[in-house]
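Chemist:
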Amino acid sequence: MLPACDSSSGNPRAAHSYTERVSASPPVNGDRPVGAQGPSRKPVTIRTLRAMAARAEPFACLACYDATTARWMERAGVHVLLSGDSAAEVILGQPRTIHMPMEVSVALTAALKRGAPSAFVIADMPFMSYQASDAEAIRNAGRFMTEGLADAVKLEIDRSQTRLVRKLTRAGIPVCAHVGSLPQRAALRGGYGSTVRTREDAADVVQDAIEMERAGAVLLLIEAAPDDVAHEIVQRTKVPLIGIGAGPACHGQILVFHDLVGLSDHAPRFAEPVDALGDRLLEAGREWVTRVAERRIGGRGYEFEPEKPATIRTQGAESDEERAVRHRRGARAASER
Ligand code: KIV
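Position one of the sequence shown corresponds to residue 2 (the working numbering), numbered consecutively onward.
#1: Answer yes or no: do Ala-277 and Asp-260 have a C-beta to C-beta separation smaller than 8 Å?
#2: Ligand 3 and Gly-85: does any heavy atom of the ligand fall closer than 7 Å to the residue's C-beta?
#3: Measure the alpha-carbon distance for Ala-68 versus Arg-330 and round it to whole angstroms.
#4: Return the CA-CA distance between Arg-115 and Ala-108, expressed in angstroms with no decimal places.
#5: Exposed or buried, which one is Met-129 when buried takes at least 16 other CB atoms within 10 Å?
#6: So, Gly-192 versus Ile-223, is the Cβ gap smaller than 8 Å?
#7: Return the chain-ordered ranges of every alpha helix (DSSP H) run that is complete within the segment 72 to 151 and spans a minimum of 4 residues.
#8: Could you say which of Arg-190, Leu-189, Ser-161 lies nearest to Ile-211 if we only look at CA atoms?
#9: Return helix, strand or coil for Ile-158, following the three-state DSSP convention.
#10: So the beta strand (DSSP E) Gln-185 belongs to, where does it begin and stop?
#11: Can you tell me which of the three DSSP states Gly-31 falls into?
#12: So is Gly-85 buried or exposed if we call it buried at 16+ other beta carbons inside 10 Å?
#13: Counting Cβ pairs closer than 8 Å, one from the segment 132 to 140 and one from the segment 188 to 204, do we hit at least three?
#14: Between the C-alpha atoms of Ala-179 and Asp-125, what's the straight-line distance to the nearest angstrom?
#15: Would you please state the rounded distance, in angstroms, between the beta carbons of Val-235 and Ala-250? I believe it to be under 8 Å.
#16: Is Val-197 helix, strand or coil when you go by DSSP?
#17: Confirm, please, whether the CB-CB distance from Met-101 to Asn-141 is below 8 Å.
#18: Is Asp-125 near ligand 1, judged by its Cβ being under 7 Å from some heavy atom?
#19: Report whether the distance from the Cβ of Val-257 to the nearest heavy atom of ligand 1 is below 7 Å.
#20: Quick one: is the Cβ of Thr-196 within less than 7 Å of any heavy atom of ligand 1?
#21: Leaving out five residues before and five after Lys-168 in sequence, what residues of the same chain have Cβ atoms less than 7 Å from its Cβ?
#22: At what residue ranges does the segment 219 to 261 contain a whole run of the alpha helix (DSSP H), taking only runs of 4 or more?
#23: Can you tell me whether Val-180 is helix, strand or coil according to DSSP?
#24: Less than 8 Å between the beta carbons of Val-176 and Ile-47, yes or no?
#25: Using C-beta distances below 7 Å, list every residue in its chain close to Met-74, excluding the 5 sequence neighbours before and after it, in chain order.
#26: Can the beta-carbon of Ala-61 be found closer than 8 Å to that of Gln-254?
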């Protein structure tokens, strides 16, 4: 039996509102293990993640949204990158994740793979890209796999949707089933927040996870739940479990990149920043404003090519080459006379 959940577990996604945010390497050789620095590590596949989970070796995941950040995170050894629908808030400045456009999401997913070809890239299926009908869901998921270069697609889902997971799996599309607190359903509750607050909620989420695995999901992701819920899922399923605000029992851990590096004004309570890049960006921006004001723009400027006296011509004047051609023609004409 799962213990009662801490009802003060907070509102992990509330801080993702754009009004509360500030906004938004070294190379290696082929035989390095996954997780080593550099772009030439072996590609992370679902087999890699399964093997790491079996060895109880945690893997690192991040939601990020552009090729440059992906490139640096690959060099850092991050195993999994998610083109999260949190991009709606972090990148597009929208108030909710449900505002993520399908087209933008496909483009951002492909950008992650181009930036970090060895990372396992998960596409987060946007609100209304999979709810209306199974056929539409399969077509959209297929686009993420082909145009978006994704390795798997993530759906916020519960066990009432096992049929869709089966169909996606049968179509050859690896599914990451996101259970627990589901931000795309926040409107039902009047806002973001953990929905795993009672013993019944917890048992429900564990059952969702079990049925998603049965339906074919190759990965599970649990958001904003007490540690024991993730622990129970790990005990009762075999697929790797990624957690966000769900405690250390999960096989993989994920955060939003901007929360991790200190770019968010109010990161969720479970996201402990490792840096304060916001402050550093502020300094950099201020330095640029000062330099421009003082006409100290730095860098190396361009110069005109030094002009060679022999090549200087006034308009209409004959060049050296033209003169040489005229002389050759004259000499030929004289010899023919
Ligand atoms: O969109 C997102 O960032 C997510 C989290 C699970 C990281 O879905």
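Where a beta carbon is used, it is the ideal one built from N, C-alpha and C, also for glycine. Since this is a predicted model, take the numbers as computed values, not measurements.
Modeler: Taking the coordinates as given:
#1: Sequence index remark: in the sequence shown, residue 277 carries index 276 (1-based). Sequence index remark: in the sequence shown, residue 260 carries index 259 (1-based). No, the pair does not count as a contact, with Cβ atoms beyond the cut-off.
#2: Of the ligands one can find in the structure shown, namely ligand 1, none is ligand 3.
#3: Here residue 68 corresponds to residue number 67 of the sequence shown, with the count starting at 1. Here residue 330 corresponds to residue number 329 of the sequence shown, with the count starting at 1. Ala-68 and Arg-330: Cα-Cα distance of roughly 59 Å.
#4: Residue mapping note: residue 115 aligns to position 114 of the sequence shown, counting from 1. Residue mapping note: residue 108 aligns to position 107 of the sequence shown, counting from 1. In this structure, the straight-line span from the alpha carbon of Arg-115 to that of Ala-108 is close to 11 Å.
#5: For the purposes of this step, residue 129 is identified with residue 128 of the sequence shown, where counting begins at 1. With fewer than 16 Cβ atoms within 10 Å of its Cβ, Met-129 is classed as exposed.
#6: Locating residue 192 in the sequence shown gives position 191, counting from the first residue. Locating residue 223 in the sequence shown gives position 222, counting from the first residue. No; because the gap between Cβ atoms is not below 8 Å, this pair is not in contact.
#7: Secondary structure remark: continuous alpha helix (DSSP H) runs of at least 4 residues inside the segment 72 to 151, in chain order: 88 to 91, 103 to 116, 135 to 147.
#8: Mapped onto the sequence shown, residue 211 falls at position 210. Relative to the Cα of Ile-211, the nearest Cα in the group Arg-190, Leu-189, Ser-161 belongs to Ser-161.
#9: Mapped onto the sequence shown, residue 158 falls at position 157. DSSP places Ile-158 in coil when its eight states are reduced to three.
#10: Locating residue 185 in the sequence shown gives position 184, where the first residue counts as 1. In the DSSP assignment, Gln-185 falls outside any beta strand (DSSP E), carrying neither H nor E.
#11: Taking the sequence shown and counting its residues from 1, one reaches residue 31 at position 30. Confidence at Gly-31 is low in this model, with a pLDDT of 37, below 50, so its placement is unreliable and no value can be given for it.
#12: As a working note, residue 85 is residue 84 in the sequence shown. Flag for Gly-85 reads buried.
#13: Result no; under three Cβ-Cβ pairs closer than 8 Å.
#14: Locating residue 179 in the sequence shown gives position 178, counting from the first residue. Locating residue 125 in the sequence shown gives position 124, counting from the first residue. The sequence shown places His at residue 179, not Ala. Between the C-alpha atoms of His-179 and Asp-125 there is a straight-line separation of about 10 Å.
#15: If you number the sequence shown from 1, residue 235 lands on position 234. If you number the sequence shown from 1, residue 250 lands on position 249. The pair is a contact, with the Cβ atoms about 5 Å apart (cut-off 8 Å).
#16: Locating residue 197 in the sequence shown gives position 196, where the first residue counts as 1. Val-197: coil per DSSP, three-state reduction.
#17: The residue you call residue 141 lines up with position 140 of the sequence shown. The residue you call residue 101 lines up with position 100 of the sequence shown. Their beta carbons are not under 8 Å apart, which means Asn-141 does not touch Met-101 by this criterion.
#18: As a first step, residue 125 is located in the sequence shown; it is residue number 124 there, counting from the start. Correct: Asp-125 has its Cβ closer than 7 Å to ligand 1.
#19: As a first step, residue 257 is located in the sequence shown; it is residue number 256 there, counting from the start. Inclusion of Val-257 in the 7 Å shell around ligand 1 follows from its C-beta lying nearer than that to a non-hydrogen atom of the ligand.
#20: Reading the sequence shown from its first residue, position 195 is the one you call residue 196. False, no ligand heavy atom lies under 7 Å from that Cβ.
#21: Here the question's residue 168 lines up with position 167 in the sequence shown. Closer than 7 Å at the Cβ level, and outside the excluded window around Lys-168, lie Asp-135, Ile-139.
#22: Counting only runs of 4+ residues, the alpha helix (DSSP H) found wholly inside the segment 219 to 261 occupies 228 to 237, 258 to 261, in chain order.
#23: The count along the sequence shown starts at 1 and reaches residue 180 at position 179. Of the three classes helix, strand and coil, the one that applies to Val-180 here is strand, per DSSP.
#24: Here residue 176 refers to the residue found at position 175 when the sequence shown is read from its first residue. Here residue 47 refers to the residue found at position 46 when the sequence shown is read from its first residue. No. Outside cutoff.
#25: One-based indexing of the sequence shown puts residue 74 at position 73. Only Leu-63, Cys-65, Leu-82, Ala-117 meet the Cβ criterion.
#26: The count along the sequence shown starts at 1 and reaches residue 61 at position 60. The count along the sequence shown starts at 1 and reaches residue 254 at position 253. Closer than 8 Å, so yes.
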